[in-house]
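Residues 4 to 400 (my numbering) are what the sequence shown spells out, left to right.
Before any comments, here is the structure.
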Amino acid sequence: APIKAECKTLPEGFWSAVAVWIKKPHVINKRLCGVKETESRNVDREALGLFVNGLSDTALDFVSSGHKDTHENGKEWSYNVRTFIPKVNCYGSKLHKEAILKCKDPPQVTFLPFEEDEDGHVSYKESNIYQFRLTFQDAETWFLEFHGLSTDEWFSDGIAYPKLHWLRSDLLPKLVRWATECKTSEFKSTLSLLPVEKYSVKYQQLKEKYKALVKVWPEVTDPEKFVYEDVAIATYLLVLWSEERREKDLNDPQSFVDLGCGNGLLVHILINEGHPGKGIDVRRRKIWDMYGPQTVLEEEAITPSESFLFPDADWLIGNHSDELTPWIPVIAARPVIKTHNLSQNLKCQLLFSRWNYIMGLGSMCEKMPAARVSFLNAVCNSGVEQLGATLSRTPPS
Ligand SMILES: C[S@@+](CC[C@H](N)C(=O)[O-])C[C@H]1O[C@@H](n2cnc3c(N)ncnc32)[C@H](O)[C@@H]1O
4 APIKAECKTL PEGFWSAVAV WIKKPHVINK RLCGVKETES RNVDREALGL
54 FVNGLSDTAL DFVSSGHKDT HENGKEWSYN VRTFIPKVNC YGSKLHKEAI
104 LKCKDPPQVT FLPFEEDEDG HVSYKESNIY QFRLTFQDAE TWFLEFHGLS
154 TDEWFSDGIA YPKLHWLRSD LLPKLVRWAT ECKTSEFKST LSLLPVEKYS
204 VKYQQLKEKY KALVKVWPEV TDPEKFVYED VAIATYLLVL WSEERREKDL
254 NDPQSFVDLG CGNGLLVHIL INEGHPGKGI DVRRRKIWDM YGPQTVLEEE
304 AITPSESFLF PDADWLIGNH SDELTPWIPV IAARPVIKTH NLSQNLKCQL
354 LFSRWNYIMG LGSMCEKMPA ARVSFLNAVC NSGVEQLGAT LSRTPPS
């Protein structure tokens with residue numbers, strides 16, 4: 004695929020694009036929950052063979068084809084290993100991994116899939132070895148090339164082994180696009196805050212546990228969508244909270260209030276999984292009666308005021324909470340502002356905000372001062388420190 008490169012992003016953009024595919028393949032392969040990177044080191048040409056032990060000479064030649072042997076005494080190769088974490092565990096105890104070899108000159112990266120059994124025995128899937136190379140044609144044009152070692156014998160299952168056609172027709176154009184975009188995000192992706200493996204295991208457990216609700220769902224809304232979405236959000240929170248307890252050596256499960264809780268399923272799951280809390284919504288739902296008395300749900304209109312501060316809750320949750328969205332960080336911060344003790348008292352307040360809603364606000368109010376828009380952006384993505392810092396500088400009116 005040719006890349007017209009008036010843009011100044013190459014060759015660095017190639018590595019940013021490759022990094023997305025290496026670290027976050029789930030962005031485009033929806034059958035993956037993510038990957039876990041286990042090894043990373045720089046090696047020289049001679050040592051390469053040792054790392055990819057068991058690989059045929061043909062495969063080794065393929066890995067270094069196009070590589071200029073500079074005879075410099077540098078470790079010009081980097082070697083990484085990633086383990087695939089499928090959304091549905093279909094591989095049993097066998098781990099599906101990939102060795103990734105990157106070489107700077109010319110820029111190229113090779114993916115060598117292998118399987119590892121419980122005893123640590125490794126077998127490479129040579130039929131599925133593939134490579135991306137960036138080649139420079141002239142001042143205007145670069146080429147991003149896809150090469151497969153033995154494409155006639157290609158095997159695919161759509162998970163750890165994508166289809167050859169998909170790699171060429173879907174992934175390759177995406178890499179081209181990512182390589183030419185100069186996007187840097189100041190915020191971390193939400194999943195990068197969590198150990199993806201723990202998330203995946205917990206999600207499978209909770210999905211199994213709560214799937215029965217899909218059959219008895221009394222609301223008019225689509226049960227599959229709501230149950231599995233709330234299971235995913237609950238999983239995220241439970242893993243995040245358990246990590247927080249481990250890091251801060253806390254014993255008590257975190258408490259919470261879900262503002263604008265809707266059907267209350269998230270509240271139900273979190274309470275059922277041991278966290279004290281409640282949900283509030285201006286409109287009660289039929290399903291509330293099905294949960295049982297331990298799931299505390301209150302019908303009430305929340306107004307941003309003195310009567311709706313929750314100083315005892317460790318976490319405030321507002322998931323797609325409509326017009327409440329911009330108020331949640333403010334409500335979260337209020338008890339803190341009153342005590343003038345931002346960093347100590349602000350425990351952990353969470354905003355699952357409706358990002359689009361806030362962005363919509365930003366674009367609707369074109370005359371809105373940039374500082375206000377950036378305040379809204381900051382609170383929407385805020386971790387404790389960011390929010391504390393923002394509020395201490397510019398308390399919202
Ligand atoms: C888009 S729904 C989201 C529901 C739920 N959080 C979810 O993720 O499925 C927004 C909810 O916020 C509630 N809500 C909006 N404004 C509210 C207010 N001022 N007080 C209480 N609930 C409110 C609505 O009744 C609605 O159930």
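Beta carbons are placed, not taken as given, at the ideal position from N, Cα and C, and that holds for glycine.
Could you tell me if L216 is buried or exposed, where buried requires 16 or more neighbouring beta carbons within 10 angstroms of its beta carbon?
Buried: at least 16 other Cβ atoms inside 10 Å.
For A304, count neighbouring Cβ atoms within 10 angstroms of its own Cβ and tell me buried if that reaches 16, exposed if not.
So A304 counts as exposed.
State yes or no: is the C-beta of R287 nearer than 6 Å to some heavy atom of ligand 1?
Not so, every heavy atom of ligand 1 lies at least 6 Å from the Cβ.
Only counting the same chain, and skipping five residues up and downstream in sequence, which positions put a Cβ closer than 8 Å to that of E42?
Hits under 8 Å: Y82, N83, V84.
If we ignore side chains and look at the alpha-carbon of each, how far apart do S19 and K177 end up?
Distance between the alpha carbons of S19 and K177: 12 Å.
Considering Q208, what are the terminal residues of the alpha helix (DSSP H) in which it resides?
Per DSSP, Q208 belongs to the alpha helix (DSSP H) from 199-213.
Is it right to say D120 is buried, meaning 16 or more other beta carbons lie within 10 angstroms of its own, or is it exposed?
The residue is exposed, with fewer than 16 neighbouring Cβ atoms inside 10 Å.
Quick one: give me the first and last residue of the alpha helix (DSSP H) that Y294 is part of.
Run containing Y294: none; DSSP gives neither H nor E here.
How about the segment 253-261 and the segment 316-326: do they share at least three Cβ pairs that are nearer than 8 Å?
Yes, the segment 253-261 is in contact with the segment 316-326.
Could you say which of A336, I132, V223, V30 lies nearest to E118 if we only look at CA atoms?
When only C-alpha atoms are compared, the closest one is I132.
With a threshold of 7 Å on Cβ separation, who are the neighbours of L240 within its own chain once the five nearest residues in sequence on each side are excluded?
Contacts found: L273.
Is the separation between the beta-carbon of G267 and that of L300 shorter than 7 Å?
Cβ distance < 7 Å, so G267 and L300 count as in contact.
Give the range of the beta strand (DSSP E) segment to which T144 is assigned.
Segment 144-151, the beta strand (DSSP E) holding T144.
What does DSSP give as the partner residue(s) for V179 in the beta ladder?
Answer by DSSP bridge pairing: none, since V179 is not bridged.
Could you tell me which whole beta strand (DSSP E) segments of length 3 or greater appear in the segment 209-258?
You should have found no qualifying run.
Round the Cβ separation of F149 and L170 to the nearest angstrom and send it over; I've been treating them as touching at under 8 Å.
The Cβ separation is near 6 Å, so the contact holds.
Judging by CA-CA distance, which residue of Q208, I88, Q140 is the nearest neighbour of Y164?
Checked all of Q208, I88, Q140; the closest Cα to Y164 is I88.
With three or more beta-carbon pairs closer than 8 Å as the criterion, would you say the segment 95-112 touches the segment 50-59?
In short, these stretches touch, since the Cβ pair count reaches three.
Considering only heavy atoms of ligand 1, does any lie closer than 6 Å to the CB of A237?
Incorrect: A237 has no Cβ contact closer than 6 Å to ligand 1.
Hey, D284 and G265: beta-carbon distance below 7 Å or not?
Yes. Within cutoff.
Tell me whether W318 sits in a helix, a strand or coil according to DSSP, three-state version.
Three-state result, W318: strand.
How big is the Cα-Cα spacing for V23 and E184?
Approximately 12 Å, taken between the alpha carbons.
Give a yes or no on whether the C-beta atoms belonging to E302 and R287 are separated by under 7 Å.
A contact, by the Cβ cut-off of 7 Å.
Can you name the start and end residues of the beta strand (DSSP E) that F418 belongs to?
An answer regarding residue 418 cannot be provided, because it is not within the stretch 4 to 400 covered by the chain.
Does the distance between the C-beta of I334 and the nearest non-hydrogen atom of ligand 1 fall short of 6 Å?
It does not: the Cβ of I334 is nowhere closer than 6 Å to a heavy atom of ligand 1.
Taking the beta strand (DSSP E) that T41 falls in, what are its first and last residues?
35-46 is the extent of the beta strand (DSSP E) around T41.
Tell me the rounded alpha-carbon separation between L174 and I31.
Going by the C-alpha atoms only, they are around 8 Å apart.
Grab me the residues of P307's own chain with a C-beta within less than 7 Å of its C-beta, minus the 5 sequence neighbours each way, in chain order.
Taken in chain order, the residues that qualify are W330, V333, I334.
Cβ-heavy atom distance between L104 and ligand 1 below 6 Å?
Checking every heavy atom of ligand 1 against the Cβ of L104, none is found closer than 6 Å.
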